[in-house]
Amino acid sequence: MVPLNYYLLLSGFLFACGVAGFLIKRNIITIFMSIELMLNGVNLSFVAFAAHWHALSGQIFVFFVMVVAAAEAAVGLAIIIAVYRTRETLNVDQVNLLKL
Amino acid sequence: MTPNLHLWWIPLLPLIGAAINGLFGKKFSRPAVAGVALTFCGAAFAYASYIASRFSSLAIPYSETLAHWMRAGSFQVDFAFYLDQLSLVMLLVVTGVGFLIHIYSVGYMWEEGGFYRFFSYLNLFMFFMLMLVLGSNYLVMFIGWEGVGLASYLLIGFFFLRDSAAAAGKKAFIVNRIGDFGFLIALFLMIRHFGSLDFSPVFQSVAPMSAETGAAGLLTAIALLLMVGAAGKSAQIPLYVWLPDAMEGPTPVSALIHAATMVTAGVYMISRSHVIFERAPMALTVVAVIGTLTALFAATIGITQTDIKKVLAYSTISQLGYMFLACGVAAFSAAIFHLMTHAFFKGLLFLAAGSVIHAVGGEQDMRKMGGLRKKIPWTSWTMTIGTIAIAGIPPLAGFFSKDEILWRAYQASWVYWLIGLITAFLTSFYMFRLWFLTFTGEYRGSQDAQRHDADTPAAASVPHGGHSHGVHESPMVIIVPLVILAVLSFVGGWIGIPGSLGGKNQFDKFLAPVFHASTPALNSAHTMPGETAPPEQQTEGPEPQTSRTTELTFTGISVVAALLGLGLAWLLYSFQPELPQRIADTLNGLYTTVLNKYYVDDIYAAVLVKPLLAISTKVLWHGVDQNVIDATLNNSADGARQLSDSVRHMQSGNIRSYAGWVAAGAAAVICYMVWLGVRAQ
Amino acid sequence: MLHLSLFLIFGAICITGAINLLVQRHPINSALSLVVVMGSLAVEYLLLGAEFVAAVQVIVYAGAVMVLFVFVIMLLNAGEEEQTSGSRVAILFGIPGMIIGSVLLAWVLVARSGTGEVALGALPGSPRSIARLLFRDFLLPFEVTSVLVLIAIMGAVVLAARPEAVEHTKKEG
Chain R
35 MVPLNYYLLL SGFLFACGVA GFLIKRNIIT IFMSIELMLN GVNLSFVAFA
85 AHWHALSGQI FVFFVMVVAA AEAAVGLAII IAVYRTRETL NVDQVNLLKL
Chain G
1497 MTPNLHLWWI PLLPLIGAAI NGLFGKKFSR PAVAGVALTF CGAAFAYASY
1547 IASRFSSLAI PYSETLAHWM RAGSFQVDFA FYLDQLSLVM LLVVTGVGFL
1597 IHIYSVGYMW EEGGFYRFFS YLNLFMFFML MLVLGSNYLV MFIGWEGVGL
1647 ASYLLIGFFF LRDSAAAAGK KAFIVNRIGD FGFLIALFLM IRHFGSLDFS
1697 PVFQSVAPMS AETGAAGLLT AIALLLMVGA AGKSAQIPLY VWLPDAMEGP
1747 TPVSALIHAA TMVTAGVYMI SRSHVIFERA PMALTVVAVI GTLTALFAAT
1797 IGITQTDIKK VLAYSTISQL GYMFLACGVA AFSAAIFHLM THAFFKGLLF
1847 LAAGSVIHAV GGEQDMRKMG GLRKKIPWTS WTMTIGTIAI AGIPPLAGFF
1897 SKDEILWRAY QASWVYWLIG LITAFLTSFY MFRLWFLTFT GEYRGSQDAQ
1947 RHDADTPAAA SVPHGGHSHG VHESPMVIIV PLVILAVLSF VGGWIGIPGS
1997 LGGKNQFDKF LAPVFHASTP ALNSAHTMPG ETAPPEQQTE GPEPQTSRTT
2047 ELTFTGISVV AALLGLGLAW LLYSFQPELP QRIADTLNGL YTTVLNKYYV
2097 DDIYAAVLVK PLLAISTKVL WHGVDQNVID ATLNNSADGA RQLSDSVRHM
2147 QSGNIRSYAG WVAAGAAAVI CYMVWLGVRA Q
Chain X
6 MLHLSLFLIF GAICITGAIN LLVQRHPINS ALSLVVVMGS LAVEYLLLGA
56 EFVAAVQVIV YAGAVMVLFV FVIMLLNAGE EEQTSGSRVA ILFGIPGMII
106 GSVLLAWVLV ARSGTGEVAL GALPGSPRSI ARLLFRDFLL PFEVTSVLVL
156 IAIMGAVVLA ARPEAVEHTK KEG
């Protein structure tokens, strides 16, 4: 019997790690992976609550989150490839054409 | 039963003429413009004459309301018109003399640019003056009052390309406004205390009030403030300075506005308000003193001036002083009588002076004239009649009116009479000086030599399209009004011949219902021998018991004074022409002071104008307008710009900083939700 | 007891993997540690009884998405990260913000410890029950999601294609 809070703490920690990675890292692909980490943390939270309240729709939602994450990963990586072709770099600090 | 006279047509007709000429005149030919102006002015005069002819069959006083104007609680003011003997006299003078001057102007301004504009302004002036004279309440009078000031400004500055003319117009308007301020305060006091501005209610409220002989009260205040307004409009001390400068305008303007009609508006206003003035003896004294001093003051300046129009301007100021003196001793009908005769002979003098200036090709300096008697006979004879009239030599008009004033002044105080007598002497002197310098002796000008000097500053105020054919008489269209006015100057006084000289003083009796109706019995009743006594014992002004011989003596003394002036002028300017220069050299300091008009203009400039300009520039312009109003706008714009300048750094194009902002914002939201949740516990 | 210890063990693996993702400089290392995180998360799902979700997590997430990531890293020959200065805002505002947010959340969770407990295998999520829900109550989202995936595929193909390849296909009609 594990208290629900433990699951939620774990989920929060994963999310925080994702945010930190997003802010610290300079490689675009690594930033992307941090996003995936965030999504995973959220998934855990969903499943935990689904188990707590005996509502299966939580797991359904996890399902959808995964599908969307996959689609997003596909498109995002395609964009990264396109950016790499033009900018020749994966450093996010150098993708700053919008700088004033 | 008096039919509806539709008095409002009388001011409206010149207004229509002004509108037509003003809006469309530019496209009309000159005869068309002149025709429009003369038609409407003449129509007004014709209707006024018609009313005059039917006057005895009307119920007087007559008033009619044209339209509602203001309603504010219990206070109301309408566009209403009023006719009684006083308005009728003023009406006839304004329309009659005005019409003659319109005819004269057609000839005088024929060569000038802006012909249609001139007649538009002239008709506009007639409209406002008629509103002033016919108004049934002080507010309609005030419309006319302000409007004639405006028309005066427009007409003085008619040759607006000249700096001096534009400045003169400005000066006239501003000095007038100072007087108007006093007028306005008086109106406010009337509204406050009497609740109305209509003549009848106000005078009926004032009539039962007792005379403020002891201390100054409400009526004295109102009267003094009205006096301030009148002093501005009628060029009395201290607000006379605009009138000599107003000679920059064309000569018909000087004749109409600054001799015959506008400047007399102050006298009319005081006469109309006689009910108030009679109950404020202190104000009456102020009026009389100012009138007397102005008369003397202006006359002394007049004897040194060399510009023919300036002499006439100072003469106008002086004669207005006489009228004010008459009002100040409560001899209101004498004031109006002098107003009427003055309109005749001063209008004549100005118009004739214009004809003279026209004849000598624009020269206004009398030292360059002379010997014109043979060259321009018509002008010369009419001007002679005018000069004799103003000097007060019988049997011309000026004698009767001036004598009446002097007689009534004597009965108030011998000081008034003495100063008035001296002024009469000076008037005669400087007018005959003008006459001798202009019409006798040798011609000292340059016109005969076929050399047309059109660059003198004076020339620009006179139309001269380019004829340089020597001294010539003016055309008929100019001469005819001169002749008519000369006739009027000759016979105009005969309706006011006092009883002592065998006449019936019809003028005084005609105006009696206006001035005698509500005068308190300040004095014992008195009738002049040889005159039919008025039915009631109320008379205007003090008239102690004197005999006919005393009055005849005084009349004789004033005639002698006039003749002395004539003699002295002959001596100095005809017999021994070098004498004036020797006298001037001897009295050098005094002469220079008088020549420079006692430096009044300079004093005003230094004491009033310069500080005002300085305040206006430093405080109002730099201080308020630039540093407060503009600065507020500029600084708020600057502030907005600086704010956005600092905020724009948020959009740096750097993905990580965006991520940072998002994280910070999300954290803030989370904090807020947690706090909400905790608070709900 | 078993539940708790299993949870703690795999939770620790999760945490280690997440921190390793942050710490590593080479992206391939980060990718592999993310795979570790996903795997241990699958076990956590199993502990909660979500069998189908755990299977999908391993197959799709760890097996397909992460493979895609590794693929791209290898394709682009991503090297070690350079240390560029980047943005001060991220460090100044972002990190503290994140720390504060997560600390707050953690505090809330710890302070309210009476929320309840989850039993081992609390909610069995068999494929049958999931399918029943998915194709009946959530049919519309399901269809919409499939359309979304279709769009994503097309977008990815277009974005990642070489410019010459696009013209080539255009010429070919």
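Residue numbers (the working numbering), protein chains in the order written: chain R, 35 to 134; chain G, 1497 to 2177; chain X, 6 to 178.
Every residue gets a Cβ at the ideal spot worked out from N, C-alpha and C, and that includes glycine.
Remember, it's a predicted structure, so these values are computed and weren't measured experimentally.
Whole angstroms is fine: what's the gap from L1721 of chain G's alpha carbon to G1728 of chain G's? So the two alpha carbons sit approximately 11 Å from each other.
Between the C-alpha atoms of G1850 of chain G and E1859 of chain G, what's the straight-line distance to the nearest angstrom? In a straight line, the C-alpha of G1850 of chain G is about 10 Å away from that of E1859 of chain G.
Name the two residues that bound the continuous beta strand (DSSP E) containing W1565 of chain G. Y1558 to A1568 is the extent of the beta strand (DSSP E) around W1565 of chain G.
Rounded to whole angstroms, what is the Cα-Cα separation between G1592 of chain G and S2112 of chain G? The alpha-carbon atoms of G1592 of chain G and S2112 of chain G are separated by roughly 44 Å.
Report the residues of the region 53-85 of chain R with a CB closer than 7 Å to any CB of chain G, ordered along the chain. Correct list: V53, F56 and L57.
Which class does L1 of chain X belong to by DSSP, given the choice of helix, strand or coil? The requested residue 1 of chain X is not part of the displayed model; chain X covers only 6 to 178.
Would you please state the rounded distance, in angstroms, between the beta carbons of V99 of chain R and H8 of chain X? I believe it to be under 8 Å. A Cβ-Cβ separation of about 25 Å leaves V99 of chain R out of contact with H8 of chain X under the 8 Å criterion.
Quick one: does L42 of chain R have its CB under 8 Å from some CB of chain X? Under the Cβ criterion of 8 Å, L42 of chain R is counted among the residues facing chain X.
Looking only at its own chain, which residues have a Cβ that is under 7 Å from the Cβ of L11 of chain X, when we skip the five neighbours before and after it? The residues are L52.
Beta carbons nearer than 9 Å to chain G: which residues of the region 91-107 of chain X have them? Only those residues of the region 91-107 of chain X whose C-beta falls short of 9 Å from the nearest C-beta of chain G are listed: G91, S92, R93, V94, A95, I96, L97, F98, G99, I100, P101, G102, M103, I104, I105, G106 and S107.
D1574 of chain G lies in the beta strand (DSSP E); which residues open and close that run? Taken as a continuous stretch (DSSP letters only), the beta strand (DSSP E) holding D1574 of chain G covers F1571 to L1579.
Pairing CB atoms from the region 1966-1986 of chain G with CB atoms from the region 1598-1607 of chain G, are three or more of them under 8 Å? A contact is defined here as three or more CB-CB pairs under 8 Å, and the region 1966-1986 of chain G meets this definition with respect to the region 1598-1607 of chain G.
Contacts that W2157 of chain G makes with chain X (C-beta to C-beta distance below 8 Å): Within chain X, the residues V94, F98 and G99 have their CB atoms less than 8 Å from the CB of W2157 of chain G, given in chain order.
Going along chain G in order, which residues have a C-beta closer than 8 Å to the C-beta of V115 of chain X? Those within 8 Å of V115 of chain X in chain G number zero; the least Cβ separation is about 13 Å.
Contact set between S2148 of chain G and chain R, taken where Cβ atoms lie within less than 9 Å: Close partners of S2148 of chain G in chain R (Cβ separation under 9 Å): N130, L132, K133 and L134.
Residue(s) in a DSSP beta bridge with E122 of chain X: By DSSP's assignment, E122 of chain X forms a beta bridge with R:P37.
Inter-residue Cα distance where the pair is R2137 of chain G and S2148 of chain G: Roughly 18 Å separates the two Cα atoms.
Tell me which same chain residues have a C-beta within less than 6 Å of the C-beta of A1540 of chain G, skipping the five on either side of it? Closer than 6 Å at the Cβ level, and outside the excluded window around A1540 of chain G, lie I1506, L1509, P1510 and T1591.
In the DSSP assignment, the alpha helix (DSSP H) including V2143 of chain G goes from what residue to what residue? According to the DSSP assignment, V2143 of chain G belongs to the alpha helix (DSSP H) that extends over A2127 to V2143.
Run the CB neighbour count on Q1815 of chain G, radius 10 Å, all protein chains shown included, and call it buried at 16 or more, exposed below. So Q1815 of chain G ends up on the buried side.
Looking only at DSSP bridge pairs, what is N125 of chain R linked to? Looking at the DSSP output, N125 of chain R shares a beta bridge with R:N61.
Going by DSSP in three states, G1631 of chain G sits in which element: helix, strand or coil? G1631 of chain G falls in the strand class under three-state DSSP.
Would you report the Cα separation of G1725 of chain G and Y1578 of chain G, rounded to the nearest angstrom? If I take the Cα positions, the gap works out to 21 Å.
CB contact check: T21 of chain X to chain R, cutoff 8 Å: Closer than 8 Å: no.
On the premise that T1716 of chain G lies in contact with M1778 of chain G, defined as a C-beta separation below 8 Å, what is that separation, rounded to the nearest angstrom? The C-beta distance from M1778 of chain G to T1716 of chain G rounds to 5 Å, short enough to fall under 8 Å.
How about V63 of chain X and A47 of chain X: do their beta carbons lie closer than 8 Å? The answer is yes: Cβ separation under 8 Å.
Interface residues of chain G facing L46 of chain X [CB-CB closer than 7 Å]: Within 7 Å Cβ-Cβ: nothing; L46 of chain X doesn't reach chain G, min ~23 Å.
Around the Cβ of Y1546 of chain G, are there at least 16 other Cβ atoms within 10 angstroms (buried) or fewer (exposed)? Residue environment for Y1546 of chain G: exposed (fewer than 16 other C-beta atoms within 10 angstroms of its C-beta).
Leaving out five residues on either side along the sequence, give the residues of the same chain with a beta carbon under 6 Å from the beta carbon of T1952 of chain G. Low local confidence applies: a pLDDT of 40 at T1952 of chain G is under 50, so the model's placement there is unreliable, with the coordinate-based value given in what follows. Hits under 6 Å: none found.
Express the C-alpha separation of Q1732 of chain G and Y1926 of chain G in angstroms, rounding to a whole number. Straight across, the Cα-Cα distance linking Y1926 of chain G with Q1732 of chain G is about 20 Å.
Neighbourhood of H31 of chain X by C-beta distance below 6 Å, restricted to the same chain and skipping five residues each side: Closer than 6 Å at the Cβ level, and outside the excluded window around H31 of chain X, lie E85.
Leaving aside the five residues before and after V1602 of chain G along the sequence, list all residues of the same chain whose C-beta is less than 6 Å from its C-beta, in chain order. Result list for V1602 of chain G: A1530 and V1973, in chain order.
For the alpha helix (DSSP H) containing K2227 of chain G, name the first residue and the last one. Because chain G here runs from 1497 to 2177, residue 2227 of chain G falls outside it and cannot be looked at.
What span of residues does the alpha helix (DSSP H) with F143 of chain X cover, start to end? No alpha helix (DSSP H) contains F143 of chain X, which DSSP labels as neither H nor E.
Counting only beta-carbon separations shorter than 8 Å, does V2170 of chain G have a partner in chain X? So, interface residue.
Please tell me whether T1686 of chain G and I1718 of chain G are closer than 8 Å, where the distance is taken between their beta carbons. First, the residue type needs correcting, since residue 1686 of chain G is Met and not Thr in the sequence shown. Taking 8 Å as the cut-off, the beta carbon of M1686 of chain G is found closer than this to the beta carbon of I1718 of chain G.
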